[in-house]
Amino acid sequence: MVEQVNFGNLIKNARTRAKVPVVIVASAFGAESIRRDGHAAWVEVAAKAGAAGFEVRRELFSNKTQSQPASLYELGQRIRAGGMWPVYSTPAMLFDDTGALDECAMEQTLDEAAALGARIVKFQLGGSESTGTATDSVTLDRLIAGVRNSKAQVVVENGQLKAGGTIDAFSALFEALETRAHTLAMTFDTGNWQWAQQDPLEAARRLAKYVGYVHCKAVEGEDGRCFATAPAIDDSYFTALLAYLPAHVPRGIEFPFDQASLASDAARYVKQLASA
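Counted the way the UniProt record's numbering counts, the sequence shown spans residues 1 to 276.
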């Protein structure tokens with residue numbers, strides 16, 4: 001049974017926190033805009049909004065050259081010139097649909113993140129819906145060795161499907177890693193749990209200690225017809241959810257800005273999330 005939540009105490013605690021770094025996820029400006037104009041076209045807008053970081057989305061590259069080392073390096077330089085640091089997000093699964101570690105996907109993604117000069121590199125967890133991910137000693141050794149030399153913080157995100165989107169799958173993996181020295185962390189997406197029919201507050205209680213990055217969004221709709229939206233400034237549920245999570249880790253804006261007021265929306269939400 002899920003325990004009762006004292007929203008008042010959680011919100012009070014959240015308001016005592018120091019400001020945290022906020023990342024603007026490129027898709028917040030509109031997926032089609034990024035595909036059409038490229039990520040670099042939106043770096044200045046993100047910088048002027050006060051973002052600490054800018055998240056590059058691999059699935060929004062419009063051609064293969066954009067994922068090549070030279071192009072990634074140039075984009076990373078552009079982001080740093082704006083006073084921000086790059087985050088690299090990929091739809092690649094760390095584990096394949098049988099639950100086995102996908103070492104090829106891991107190596108390719110880490111090479112691309114290195115070319116970008118990313119501070120954080122984000123995978124989807126993946127794995128099997130029924131059995132989750134492999135947690136045997138050999139797999140864990142390979143996983144730890146694979147991410148050990150990455151200069152970027154490697155994180156795995158809860159997705160919108162049951163495969164790679166359940167609380168138990170993340171709990172099983174990170175509990176298996178607890179007795180080993182490793183650098184893997186979790187991206188906690190506040191909205192994706194609802195797509196996978198999981199309780200976000202239960203997820204936060206069980207997984208908070210593993211979280212290294214938070215993707216922020218609210219969700220509207222139901223029965224598989226959900227869509228991401230901005231959390232309301234007085235959304236006590238969202239504030240309570242953030243209060244469970246580490247106060248110092250970066251928060252990414254992953255909800256769409258109003259296309260009629262992109263710059264002002266970006267600045268407003270950066271400020272709001274930095275002190276939420």
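Ideal Cβ placement from N, Cα and C applies to all residues, glycine included. These numbers were taken from a predicted model, which means no experiment stands behind them.
For this session: May I ask you to report which of helix, strand or coil DSSP gives K271?
Result: Counting from one through the sequence shown, the residue named residue 271 turns up at place 271. Residue state, collapsed to three classes: helix.
Problem set entry | Simplified DSSP state of E112, which is helix, strand or coil | Residue mapping note: residue 112 aligns to position 112 of the sequence shown, counting from 1. Of the three classes helix, strand and coil, the one that applies to E112 here is helix, per DSSP.
Exercise. DSSP state of G82, grouped into three classes?
Worked result: Position 82 of the sequence shown, counted from the start, is the residue given in the question as residue 82. The answer is coil: DSSP assigns G82 none of H, G, I, E or B.
Problem set entry | 8 Å Cβ shell around L245 - same chain, five flanking residues per side excluded | Counted from its first residue, the sequence shown places residue 245 at position 245. Here the set comprises F188, A204, A208, V211 and V214.
Exercise. What's the C-alpha gap between A196 and D97?
Worked result: Position 196 of the sequence shown holds residue 196. Position 97 of the sequence shown holds residue 97. If I take the Cα positions, the gap works out to 16 Å.
For this session: Consult DSSP for H39 and reduce its assignment to one of helix, strand or coil.
Result: Taking the sequence shown and counting its residues from 1, the one referred to as residue 39 is at position 39. In the structure shown, H39 falls within a helical segment according to DSSP collapsed to helix, strand and coil.
For this session: Could you check the C-alpha separation between L201 and G117 for me, to the nearest Å?
Result: For the purposes of this step, residue 201 is taken as the residue at position 201 of the sequence shown. For the purposes of this step, residue 117 is taken as the residue at position 117 of the sequence shown. If you take the alpha carbons of L201 and G117, they lie about 33 Å apart.
For this session: Kindly indicate which three-state DSSP category G76 falls into: helix, strand or coil?
Result: In the sequence shown, counting from the first residue as 1, residue 76 sits at position 76. Residue state, collapsed to three classes: helix.
Exercise. Less than 8 Å separating the beta-carbons of F255 and T229?
Worked result: Here the question's residue 255 lines up with position 255 in the sequence shown. Here the question's residue 229 lines up with position 229 in the sequence shown. Yes, the pair counts as a contact, with Cβ atoms nearer than the cut-off.
For this session: Check whether the stretch 100–112 touches the stretch 74–83, taking contact to mean three or more Cβ pairs, one atom from each stretch, closer than 8 Å.
Result: Segments in contact, no.
Exercise. Under a Cβ-count criterion, where at least 16 other Cβ atoms within 10 Å of its own Cβ denotes burial, should S275 be classed as buried or exposed?
Worked result: Numbered from its first residue, the sequence shown carries residue 275 at position 275. Flag for S275 reads exposed.
Problem set entry | Which of helix, strand or coil DSSP assigns to E55 | For the purposes of this step, residue 55 is taken as the residue at position 55 of the sequence shown. Looking at E55 - three-state DSSP - the assignment turns out to be strand.
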